[in-house]
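Numbering (our numbering), first residue to last: 735 to 1103.
Laid out in structure tokens, this is it:
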């Protein structure tokens, strides 16, 4: 039997940073053992280029200009139309690429991973809704990363008969063996009671509440990542008198030593834009208990309250401070939750499981025709 040919359509692809980008690359690397995989995404510049990344052919379509955080790629519809594949796997939200797909009229069965609703750009979301529902009606299978997100998404509820739950996955041992010298150097620099947050410094991550919580919790906060809120967060740390206890590490090439040097990981998300929180899996696989927030998305499903960490209400700095103090002051509790975190990743979020369930979705899409 010939190998399945699959085209992934996404926003960008590594080395471009982002949660969707990381997921698409990870999934494609895993799928190429069982399928012929290719990728079409937007380019950062105006030129269209094709290269091979970790054995996966990636075509980056030239961007004419940007609009409302979206890329306008005149050549994308043509590239999708010319792709001779058995399945198209589309990663949404990606409004302009949706238009390109519809214009392409490629007849291959469509599978859509619905990463998140369009939350903040409400005008764009409302105006785009009829097109989005037309697009989703074309999909034979729609993948959501958690049952909670599928249940609470107004869009997905309208297409519930074709929704399958396929949680994202990671390589379980990816963060298990960091360089000991790097870890020792970080621990020496940061000291005891290290709280780690990682991700783009943007509003929906809720890092403001983590900085505020640290004002009443002894210890060192490290924020890994960059973004438009870096300067406001630095100013907030100054205002609270804790600038000497907050480290803005920026983007780092390898998170493994930072996980190993920390005692607790925090994802204080405040909006459904944080649909899953893949970074939680990384921290959990490294043996860190996680504090997350009870938002209507997959975030509190990934790390579960009392099993692999603690869950607090969103936008509640005092509750976050209480959870931090509880974990930092109770080593046996930290150890129990850390082991629970490792066990949960291994049981439910492996790459092998994600790839197998995705291949099942492709077969279901082909059978539905």
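Even for Gly, the Cβ is constructed at its ideal location relative to N, Cα and C.
Predicted model only: the values in this text are computed from it and were never measured.
Using 10 angstroms around the beta-carbon of residue i, count the other beta-carbons present and answer buried if the total reaches 16, otherwise exposed.
i	result
residue 931	buried
residue 1078	buried
residue 826	buried
residue 857	At residue 857, the pLDDT of 47 sits below 50, so the modelled position is not reliable and the matter cannot be decided from this model.
residue 1094	exposed
residue 941	buried
residue 864	exposed
residue 844	buried
residue 1042	buried
residue 927	buried
residue 747	buried
residue 1034	buried
Are residue i and residue j close, meaning C-beta to C-beta below 8 angstroms?
i	j	result
residue 742	residue 771	yes
residue 1004	residue 938	yes
residue 738	residue 1089	no
residue 821	residue 1085	no
residue 819	residue 842	yes
residue 995	residue 924	yes
residue 962	residue 935	yes
residue 976	residue 949	yes
residue 830	residue 804	yes
residue 1072	residue 1022	yes
residue 944	residue 1002	yes
residue 898	residue 877	yes
residue 762	residue 775	no
residue 974	residue 946	yes
residue 933	residue 1083	no
Could you spell out the range, first to last residue, of the beta strand (DSSP E) harbouring residue i?
i	result
residue 824	821-826
residue 742	738-743
residue 1043	1043-1046
residue 844	844-848
residue 814	Here residue 814 belongs to no beta strand (DSSP E); instead the alpha helix (DSSP H) covers 810-816.
residue 770	769-776
residue 805	804-806
residue 898	897-899
Note the first and the last residue of the continuous alpha helix (DSSP H) segment covering residue i.
i	result
residue 876	Unbroken run through residue 876 is the beta strand (DSSP E), 873-878; no alpha helix (DSSP H).
residue 1036	1033-1036
residue 1027	First-last for residue 1027: 1024-1027, but that is the beta strand (DSSP E), not the alpha helix (DSSP H).
residue 1087	1085-1101
residue 906	No alpha helix (DSSP H) holds residue 906; DSSP gives it neither H nor E.
Looking at the strands, I want to know which residues DSSP matches up with residue i.
i	result
residue 1056	BP columns for residue 1056 are empty, so no partner.
residue 791	786
residue 915	Answer is none; residue 915 lacks a bridge partner.
residue 1049	Residue 1049 is not bridged to any residue.
residue 1039	1043
residue 799	806
Legend entry - Segments of 4+ residues assigned as alpha helix (DSSP H) that fall wholly inside the segment 958-1004: For the segment 958-1004, whole alpha helix (DSSP H) runs of length 4 or above, ordered along the chain, are 964-973, 990-995.
Note to self: Extract the residue ranges of the beta strand (DSSP E) inside the segment 929-963, only unbroken runs of 3 or more that lie entirely within it.
What the structure shows: Runs of the beta strand (DSSP E) spanning 3 or more residues and lying entirely within the segment 929-963 occur at 954-958, in chain order.
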